[in-house]
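Here is the structure we will look at.
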Amino acid sequence: MDECIKNCQECHAACASLIPHCLHLGGSHSSKEHIGLLQDCAHICATALSFMLRESPRHTLTCGACAAVCRECATDCEAGANGDAWMLACAEQCRTCADSCARMVSLRMPAVSMH
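In case it helps, full-length UniProt numbering puts the sequence shown at residues 1 to 115.
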């Protein structure tokens, strides 16, 4: 879980910091869809991170959503990068986070008793 927590933190930072860069680049980089996806990815990473830090028994649910959004964001950043190092780095971090979150889901750790 510690590795996934670290990857979610790093992906959140990568996506959040890429937003102003994309807005500066303009064109398709600053499209509503791309910026919205970066925001969604940063937010779902923060949510998954929070669930894991709190040791919520529902962390696999947020990790599953995080993996899906991170994969979509990675594909989008990679497709529009045109050699831009920041976008390619963000895509790589998104893929790392997606893989890590997918592993968390596959572990399906037993739910913690709430009693």
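Glycine is no exception: its CB is placed at the ideal position from the N, C-alpha and C atoms.
7 Å Cβ shell around residue i - same chain, five flanking residues per side excluded
| i | result |
| --- | --- |
| S100 | E3, C4, N7 |
| W86 | L18, H21 |
CA nearest to the CA of residue i, picked from the options
| i | options | result |
| --- | --- | --- |
| H34 | I44, C77, F51, G64 | C77 |
| A16 | R58, L38, L25, P57 | L38 |
| T47 | P57, C63, G36 | C63 |
| V105 | P57, A85, L23, A91 | P57 |
| T75 | L107, A91, H21, A14 | A91 |
| E72 | W86, L107, G36, L61 | G36 |
| L107 | L25, L88, L61 | L61 |
Cβ neighbours of residue i in the same chain (closer than 8 Å, five flanking residues each side left out)
| i | result |
| --- | --- |
| L49 | I5, C8, Q9, H12 |
| C70 | C11, C41, I44, C45, C94, R95, C97, A98, C101 |
| A89 | A14 |
Same chain, Cβ closer than 6 Å to residue i, neighbours up to 5 away in sequence not counted
| i | result |
| --- | --- |
| A67 | A98, C101, A102 |
| M52 | M1, I5, H59 |
| A65 | I44 |
| L23 | S30 |
| L25 | none |
| D84 | none |
query: Are the region 77 to 90 and the region 15 to 29 touching by the rule of at least three beta carbon pairs closer than 8 Å?
result: yes
task: Write down every uninterrupted run of the alpha helix (DSSP H) in the region 3 to 57 whose length is 4 residues or greater and which is fully enclosed by it, in chain order.
output: 32 to 53
- request: Counting only runs of 4+ residues fully inside the region 78 to 114, write out the alpha helix (DSSP H) ranges in chain order.
  value: 85 to 107
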